[in-house]
Structures are given as structure tokens and as C-alpha cells.
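The structure appears right after this line, and notes come after that.
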Amino acid sequence: LRWNVQRGVSVIPKSSRPERMAENLHIWDFALTSEEIAQISAKTLGRSTIINHRDPQLVRTLLGWKVHE
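When we follow the numbering used here, the leftmost residue of the sequence shown carries the number 368, and every step to the right adds one.
Structure (C-alpha cells):
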């Protein structure tokens, strides 16, 4: 979480466990050094590991969702 926040990325952590929620709040107690950010950035894949945003069928599905009826 801290890595994303320091890079200006908005994060919305999802947790229902109180201990995890408390841990998530501790990202404000420290800052990563430039070296630490570079090391973590070097490990990223440059793509989502959850969904493929370039999949045409997925994009059609997502664009078809309605927030309100």
C-alpha cells in the first residue's frame, strides 16, 4: 500500500478483518526510501495480475454493467 501511495496511486484496500484494517492504517507511520521504491518497482510485472484489461470480451462486459437500473 505504501509503495502505491508514495507513487501517487489511490488505493482502496478491502478487508473485513479488524486486525488487517489496523495494519493498513500503519502505512502512514513510515515512508519508503527512493531505493526501496526502486527495488519494489523493479519487481512489478507492468500489467494486472487480476484481470486482462486488453481482453475485448472483458471490456464489453465491463462497459455493459449498470450502476443503477
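No residue lacks a Cβ here, since even glycine has one placed at the ideal position from N, Cα and C.
Computed from a predicted model, the values in this text were never measured in an experiment.
Candidates the options: closest to residue i by CA position
i      : options                           : result
His393 : Glu402, Glu403, Thr428 and Leu368 : Leu368
Phe397 : Ile407, Arg414 and Val372         : Val372
Spatial neighbours of residue i in its chain, beta-carbon cut-off 7 Å, leaving aside the 5 residues before and after
i      : result
Pro380 : Leu368 and Asn391
Ile418 : Leu425
Met388 : Ser382
Ser408 : none
Whether residue i touches residue j by CB criterion (9 Å)
i      : j      : result
Trp370 : Leu399 : yes
Arg384 : Ile404 : no
Same chain, Cβ closer than 8 Å to residue i, five either side skipped, listed in chain order
i      : result
Val426 : His420
Own chain, CB closer than 6 Å to residue i, minus 5 neighbours either side, in chain order
i      : result
Glu459 : Only positions 368 to 436 of the chain appear in the structure, and residue 459 is not among them; the question remains open.
Cutoff 9 Å: residue i Cβ touching any chain B Cβ
i      : result
His420 : The structure shown contains no chain B, having only a single protein chain.
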